[in-house]
Amino acid sequence: MDLHRLGEERSIAMHRAIAERLVREPEIVDAARARVERWLRSGSVNVEYAVAWQTVLRGSTEAIVSVLTDRGERACALRQVSPFAGALDARERWRIRRRVREQLG
Numbered sequence: 101m102d103l104h105r106l107g108e109e110r111s112i113a114m115h116r117a118i119a120e121r122l123v124r125e126p127e128i129v130d131a132a133r134a135r136v137e138r139w140l141r142s143g144s145v146n147v148e149y150a151v152a153w154q155t156v157l158r159g160s161t162e163a164i165v166s167v168l169t170d171r172g173e174r175a176c177a178l179r180q181v182s183p184f185a186g187a188l189d190a191r192e193r194w195r196i197r198r199r200v201r202e203q204l205g
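Using my numbering, the letters of the sequence shown map in sequence onto residues 101 to 205.
1. Only counting the same chain, and skipping five residues up and downstream in sequence, which positions put a Cβ closer than 8 angstroms to that of I118?
2. Which of helix, strand or coil does DSSP assign to E125?
3. Let me check understanding here. Comparing Cα to Cα, which of E120, R201, R141 lies closest to S166?
4. Counting only beta-carbon atoms, is V165 nearer than 8 angstroms to chain C?
5. Report back the beta-carbon spacing between L106 and R201 to the nearest angstrom; my notes put them in contact at under 8 angstroms.
Below you can see the structure in the form of structure tokens.
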């Protein structure tokens with residue numbers, strides 16, 4: 101099994117689940133914005149990623165969903181440093197991980 105592909109498929113599946121919840125739970129975006137601001141203040145994340153996420157998170161819900169679910173190179177890179185950590189609980193993350201692994205079999 102290609103572990104890089106497995107990781108990317110898990111990442112996009114988790115971000116799709118987050119995207120589905122954004123309309124119902126706008127506080128998810130608020131938490132992501134706050135996290136990016138902490139990144140910028142602390143310098144804990146490469147400034148290019150932090151600024152890119154800051155720009156994305158200033159957009160509409162539809163624009164944010166587009167980045168979360170896009171398979172393009174830029175979106176893939178951004179998902180590697182995601183401000184949405186904690187948006188899914190542990191059980192949901194494990195369900196997604198298991199489902200993706202079974203699909204890639």
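Where is the CB? At the ideal position from N, CA and C, for every residue including glycine.
Let me lay it out:
1. I128, L168, F184, A187, L188
2. coil
3. E120
4. As a matter of chain content, chain C is missing from the structure shown, which is built from one protein chain.
5. 7 angstroms
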